[in-house]
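Structure record follows, encoded as structure tokens.
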Amino acid sequence: MLILLIVLALAIFVLPNLWAKWVLKRHTRGRDDYPGTGAELAKHLLRRMGVEGVRVERTEQGDHYDPEARCVRLAPDHYDGRSLTAVTVAAHEVGHAIQHHEGYAPLLARSRLVRVAQKAEKLGAILMMAAPFLFVLTRLPGGLAVVIAMAVISFGTAALVHLVTLPVEFDASFNRALPLLKEYVPPYDMPGARHVLTACAFTYVAASLASVMNLGRWLVILRR
Numbered sequence: 000m001l002i003l004l005i006v007l008a009l010a011i012f013v014l015p016n017l018w019a020k021w022v023l024k025r026h027t028r029g030r031d032d033y034p035g036t037g038a039e040l041a042k043h044l045l046r047r048m049g050v051e052g053v054r055v056e057r058t059e060q061g062d063h064y065d066p067e068a069r070c071v072r073l074a075p076d077h078y079d080g081r082s083l084t085a086v087t088v089a090a091h092e093v094g095h096a097i098q099h100h101e102g103y104a105p106l107l108a109r110s111r112l113v114r115v116a117q118k119a120e121k122l123g124a125i126l127m128m129a130a131p132f133l134f135v136l137t138r139l140p141g142g143l144a145v146v147i148a149m150a151v152i153s154f155g156t157a158a159l160v161h162l163v164t165l166p167v168e169f170d171a172s173f174n175r176a177l178p179l180l181k182e183y184v185p186p187y188d189m190p191g192a193r194h195v196l197t198a199c200a201f202t203y204v205a206a207s208l209a210s211v212m213n214l215g216r217w218l219v220i221l222r223r
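What the sequence shown shows, in numbering that gives the first Met the number 0, is residues 0 to 223, in sequence order.
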């Protein structure tokens with residue numbers, strides 16, 4: 000049983016990320032037949048879609064769209080790269096900018112939840128540090144309910160953020176980026192582009208499952 004749980008945890012937490020890294024690396028070969036880099040395609044798509052006021056910047060913090068700064072940020076290999084991975088990742092992040100421009104409700108909800116989650120994470124850190132005292136508190140009248148409520152607020156908010164993230168990421172990839180890429184990427188490269196987007200999507204699925212499992216683990220511990 001223990002071995003089965005270890006294998007399951009490995010499958011959920013590690014394999015999706017390893018697979019995503021392998022897929023992205025597989026398609027990072029420079030392509031002379033591509034007309035521009037990831038950054039150039041991102042800027043072009045933003046202009047074409049009429050999304051004004053959004054910058055495209057190089058970052059060392061991983062590819063992402065910042066809705067507060069209204070900025071598409073790409074890792075150096077994707078910003079300067081002229082590869083299938085670079086243009087696919089760039090189109091995905093532009094997909095988030097388009098969502099924001101159009102007022103896509105799940106993206107706006109996630110942005111609000113992230114701010115709440117940051118405060119909830121601090122509560123979670125306090126819970127971790129106060130773990131030795133939780134045992135005493137749960138033996139007091141009403142103490143168990145208080146501790147469980149704190150855990151649900153802290154870890155439940157993080158789980159909710161991850162769950163809301165799923166439709167946001169899938170929409171940016173398959174409803175926005177993929178149709179745009181069909182107009183710029185050769186047809187024989189489209190299966191690879193879909194492969195890249197699918198691999199990245201699985202990392203978000205894994206993160207959501209891990210967050211839900213973490214919440215469940217804490218609830219089980221605190222109810223003992």
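The beta-carbon is built from N, C-alpha and C at its ideal position, and this holds for glycine as well. Quick caveat: nothing in here was measured; it's all calculated off a predicted structure.
First and last residue of the uninterrupted alpha helix (DSSP H) at residue i
i, result
"His-99", "83-101"
"Pro-178", "177-180"
"Pro-185", "Here Pro-185 belongs to no alpha helix (DSSP H), and DSSP marks it neither H nor E."
"Val-22", "14-25"
For residue i, the nearest candidate out of the options (CA to CA)
i, options, result
"Asp-32", "Phe-201, His-194, Thr-197 and Tyr-183", "Tyr-183"
"Ser-172", "Arg-193, Pro-186 and Asp-188", "Arg-193"
"His-161", "Phe-201, Met-189, Ala-198 and Ala-206", "Ala-206"
"Asp-76", "Glu-56, Cys-70, Ala-68 and Arg-69", "Glu-56"
"Arg-30", "Pro-185, Phe-201 and Glu-101", "Pro-185"
"Arg-25", "Thr-202, Gly-191 and Tyr-187", "Gly-191"
"Val-53", "Asn-16, Glu-59 and Ala-38", "Ala-38"
"Leu-44", "His-100, Thr-58 and Gln-60", "His-100"
"Asn-174", "Glu-59, Val-13 and Tyr-103", "Tyr-103"
Enclosing beta strand (DSSP E) for residue i [first to last residue]
i, result
"Arg-72", "70-73"
"His-43", "Run containing His-43: none in the beta strand (DSSP E); it sits in the alpha helix (DSSP H), 37-47."
Beta-carbon separation (whole angstroms), residue i vs residue j, contact threshold 8 Å
i, j, result
"Thr-164", "Arg-114", "Not a contact, Cβ separation roughly 14 Å."
"Leu-73", "Ala-89", "6 Å"
"Thr-231", "Asp-79", "Shown here, the chain extends from 0 to 223; a query on residue 231 therefore has no answer."
"Ala-198", "Val-71", "Going by Cβ atoms, the distance from Ala-198 to Val-71 rounds to 20 Å, so no, they are not a contact pair."
"His-91", "Leu-196", "6 Å"
Residue i in three-state terms, based on DSSP
i, result
"Leu-50", "Note on identity: in this sequence residue 50 is Val, with Leu being the wrong assignment. Three-state result, Val-50: coil."
"Tyr-64", "strand"
"Glu-59", "coil"
"Asp-170", "helix"
"Arg-30", "coil"
"Gly-80", "coil"
Below-9 Å beta-carbon distance, residue i vs any chain B residue
i, result
"Gly-94", "In the structure shown, chain B does not exist; there is a single protein chain."
Check: residue i C-beta below 8 Å from any heavy atom of the ligand HEM
i, result
"His-63", "Looking for the ligand HEM in the displayed structure turns up nothing, as the structure carries no ligands at all."
| task | Specify whether the segment 75-85 and the segment 166-179 touch according to this definition: at least 3 beta carbon pairs, one from each stretch, less than 8 Å apart. | result | no
*Should the segment 57-76 be regarded as contacting the segment 89-99, the criterion being three or more beta carbon pairs within less than 8 Å?*
Taking a cut-off of 8 Å on C-beta distances, the segment 57-76 touches the segment 89-99, as three or more cross pairs fall below it.
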